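Asker:
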Ligand SMILES: Cc1cc2nc3c(=O)[nH]c(=O)nc-3n(C[C@H](O)[C@H](O)[C@H](O)COP(=O)(O)OP(=O)(O)OC[C@H]3O[C@@H](n4cnc5c(N)ncnc54)[C@H](O)[C@@H]3O)c2cc1C
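Residue numbers (the working numbering): 18 to 483.
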C-alpha cells in the first residue's frame, strides 16, 4: 500500500488529533539515539498517537488487514534503531498513553499505561515509600513501556536486577488486533507460576511480538539510607579484583561503577572543578538500606577496597555523596570533550562480559581504538560486567565513519569471544541483529518460530532482533 492512502485511512479511522502526517512531524520519528539512524534516518508513512487500548487495537486490525508494518515507540531514547520504521509503515507513539492507573500499595504493585516516564513513576511511588528499582541513565525521558520492551536496567541492576524482575503482568495488543493478558486476566498476586510465562517472553521482545498497553509492576520498599565509597586504583586489574573481593565479603552494593583512565580525563576536561584524581581506574560503590546496615556495608567496602586502592573515601552526607557521584553521572556527556571537533556516537556502547574479563576487555578496546585511530571513553556497570564504550569521531568525515563501524564490529566480536554479549541492557534492535546467530546459534530459529506464532504476517517491528 502507498503511504498516502495509509495516511488517509488512518485519519478517517482515528481523526487528525491522533494521527501525524506532516513531513516535519514524521521526520522527528526517523531517529532514536542510535548512530544508525543518525547515518540513515527513515521516515515513517504516518504516526499514530493512541489514547486507549481500543485505539491500538484499531490500528493493529487495520495494519493486519492491509499488511502494513507497525513499530511501537515510547520516548525514542533507544540506541538500536528499534523504535524507527526502517522499512516504512506506521509508528505507534505510546508516549501520550501515560496514565498511572492505580498504585496498589496494599499489594505492593502499580498498574501503568506504557507511556509513563520512569522518573515520574518513581516520584509518585515515593509518596507511598515505594519504588520501581531499575534505573536507566535515561530515567527522566524514557517510558516504562520502552523499559519493559527493552528489559532496561542500569546502575542499580547489580543488586535489584533488570525490569523483567518487576513485571508481574501485561496487557498486550497482538499484531492481528487481539487483546491478551499475560500473568493472569485479573491477577494481583506477587507470585504466579500458572501457564507458559508469556510475561517474561514479552519483556525484552523489543516490539516484535505485540504492543504493550498496560503493565503491572511489582514495587519495592524505598530504602531509608544510602552511602557512597569512591576508590582510586593505580592498576586496572585491581578494580575487578576488588569487586570480586567485596562480593566474597558478603556485600551486595546497590551500584558498582567504573571509570577507566579515558573516562577520568574526559570528566576532568568537561568539568575541571570535579577534579578526579589521575588513575588507571576509579570505582564508585553505592550501598542502600537501613542506616545501620548502610554503615556496616560501607565500612566493609572501605576495608576491602583499601587493600588495593591508592585512596578510599566514604560518605553518607548528601552533599559529599553528590560530589563523589558527579564524575560518574556526567561521563556520558563528558565523553565528547576528548576531541574538540568530536561527537560521541552511540554504537558498540553496551557490551557485557564476565566480571573476570573486565580488565582484559578494557585493554582490548583501547588496543582496537588505537588500531582504528579513534578516541574512546570507557565506563560502565562493573558489578555486572557491563562496559559502556563511547567512540568520539567527527561525523562529517566519511573515513572516520567507516573506521568507527569497523571498530564497533570488532568490539561486538570481542564481547562474544570473551563469553559475553553484544548488549547488556540497551538491546538489539537493528544494529546488533547481525550478531544474533553468533550469540544464540540454533536458538534463533526457535525465536523466529515464536515470532511467527504471534505475528504470522510479519508486520510487527520487522527486521529487528534477528
Ligand atoms: C542518555 C541515555 C542513557 C541511557 N541509559 C540506559 C541505561 O542505563 N540502561 C538501559 O537499559 N538503557 C539505557 N538507555 C537506552 C534507553 O533509554 C532504554 O532502553 C529505554 O528503556 C528505552 O525507552 P523508550 O521509552 O525511549 O523506548 P524506545 O526507544 O521508544 O523503544 C525501545 C524499544 O521498545 C519498543 N517499544 C517501546 N514501547 C513499546 C510498547 N509499549 N510495546 C511494545 N514495544 C515497545 C520499541 O519498538 C523499541 O524496539 C539510555 C539511553 C540514553 C539516550
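The beta carbon of each residue, even a glycine, is placed where N, CA and C say it ideally should be. Here the structure is a predicted model, which means the values were calculated and not measured.
If you compare alpha carbons, which of 455, 421, 416 and 447 is closest to residue 434?
Answerer: Closest option to residue 434, Cα to Cα, is 455.
Asker: Within the present structure, is the beta-carbon of residue 301 separated from the nearest heavy atom of ligand 1 by less than 8 Å?
Answerer: No; taking the cut-off as 8 Å, the Cβ of residue 301 has no heavy atom of ligand 1 nearer than that.
Asker: Is residue 374 helix, strand or coil by DSSP?
Answerer: Note: residue 374 maps to helix in three-state DSSP.
Asker: Please look up how many angstroms separate the CB atoms of residue 376 and residue 254, rounded, as I've assumed it's under 8 Å.
Answerer: Rounded, the Cβ-Cβ distance is 5 Å, consistent with contact.
Asker: Throw me the rounded Cβ distance for the residue 281 and residue 299 pair, which I believe falls under 8 Å.
Answerer: Going by Cβ atoms, the distance from residue 281 to residue 299 rounds to 6 Å, so yes, they are a contact pair.
Asker: Check this for me: beta carbons of residue 233 and residue 128, under 9 Å apart or not?
Answerer: Closer than 9 Å, so yes.
Asker: Would you say the beta carbon of residue 169 comes nearer than 8 Å to a heavy atom of ligand 1?
Answerer: Yes, since a heavy atom of ligand 1 falls inside the 8 Å radius drawn around the Cβ of residue 169.
Asker: Any heavy atom of ligand 1 within a distance shorter than 8 Å of the CB on residue 230?
Answerer: True, at least one ligand heavy atom lies under 8 Å from that Cβ.
Asker: Run through the region 394 to 429 for me and flag every whole beta strand (DSSP E) of 3 or more residues, listed as ranges in chain order.
Answerer: DSSP runs (the beta strand (DSSP E)) wholly in the region 394 to 429: 403 to 410.
Asker: How would you label residue 411, buried or exposed, when you count the other beta carbons within 10 angstroms and need 16 or more for buried?
Answerer: The residue in question, residue 411, is exposed, as its Cβ has fewer than 16 Cβ neighbours within 10 Å.
Asker: Please report the straight-line C-alpha distance between residue 138 and residue 313, rounded to a whole angstrom.
Answerer: Approximately 31 Å between the Cα atoms of the pair.
Asker: How many angstroms separate the CA atom of residue 36 from the CA atom of residue 27?
Answerer: The straight-line gap from Cα to Cα measures roughly 7 Å.
Asker: Do residue 89 and ligand 1 come close, with the Cβ less than 8 Å from some heavy atom?
Answerer: Yes, ligand 1 has a heavy atom inside 8 Å of this Cβ.
Asker: Any heavy atom of ligand 1 within a distance shorter than 8 Å of the CB on residue 111?
Answerer: Checking the Cβ of residue 111 against ligand 1 gives yes.
Asker: Suppose the cutoff is 8 Å on Cβ atoms and the five residues either side in sequence are ignored; what does the same chain contact list for residue 423 look like?
Answerer: Same-chain partners within the cutoff: 389.
Asker: What residues are listed by DSSP as bridge partners for residue 49?
Answerer: Bridge partners of residue 49: none, in fact.
Asker: Who pairs with residue 87 in a beta bridge, going by DSSP?
Answerer: According to DSSP, which records beta bridges pairwise, residue 87 is partnered with 107 and 477.
Asker: Closest to residue 61 by C-alpha separation, out of 72, 301, 237 and 49, would be which residue?
Answerer: Here the closest residue by C-alpha is 49.
Asker: For the alpha helix (DSSP H) holding residue 161, just list the boundary residues, first then last.
Answerer: Taken as a continuous stretch (DSSP letters only), the alpha helix (DSSP H) holding residue 161 covers 161 to 167.
Asker: Do residue 244 and residue 304 have their CB atoms nearer than 9 Å?
Answerer: Yes, these two residues count as a Cβ contact at 9 Å.
Asker: Just grab the DSSP bridge partners of residue 19 for me.
Answerer: Its beta-bridge partners do not exist; DSSP assigns none.
Asker: How would you label residue 155, buried or exposed, when you count the other beta carbons within 10 angstroms and need 16 or more for buried?
Answerer: Classification of residue 155: buried, given that the 10 Å Cβ count is 16 or more.
Asker: Report whether the distance from the Cβ of residue 97 to the nearest heavy atom of ligand 1 is below 8 Å.
Answerer: Result yes, Cβ under 8 Å from ligand 1.
Asker: Looking at ligand 1, does it come within less than 8 Å of residue 49, judged from the CB to the closest heavy atom?
Answerer: Checking the Cβ of residue 49 against ligand 1 gives yes.
Asker: Find the nearest neighbour of residue 217 within the set 451, 182, 272 and 263, judged by alpha-carbon distance.
Answerer: Ranking the options by Cα distance to residue 217, first place goes to 182.
Asker: According to DSSP, is residue 315 helix, strand or coil?
Answerer: In this structure, residue 315 counts as helix in the three-state DSSP scheme.
Asker: Would you mind working out which of 320, 275 and 413 sits nearest residue 348, comparing C-alpha positions?
Answerer: Closest by alpha carbon: 275.
Asker: What do you reckon, are the CB atoms on residue 364 and residue 408 nearer than 9 Å?
Answerer: Result yes, Cβ atoms of residue 364 and residue 408 sit closer than 9 Å.
Asker: Mapping DSSP to helix, strand and coil, what is residue 131?
Answerer: Coil.
Asker: Mark residue 101 as exposed unless 16 or more other C-beta atoms lie within 10 angstroms of its C-beta, in which case mark it buried.
Answerer: When all chains shown are included, residue 101 counts as buried.
Asker: Ignore the nearest five residues each way along the sequence and tell me which others in residue 288's own chain have a CB closer than 8 Å to its CB.
Answerer: Once the five neighbours on either side are set aside, the close Cβ partners of residue 288 are 343, 347 and 351.
Asker: Say the cut is 8 Å; is the CB of residue 131 nearer than that to a heavy atom of ligand 1?
Answerer: Correct: residue 131 has its Cβ closer than 8 Å to ligand 1.
Asker: Determine the contact status of residue 174 and residue 366, defining contact as a CB-CB distance below 9 Å.
Answerer: Not in contact: residue 174 and residue 366 (Cβ atoms no closer than 9 Å).
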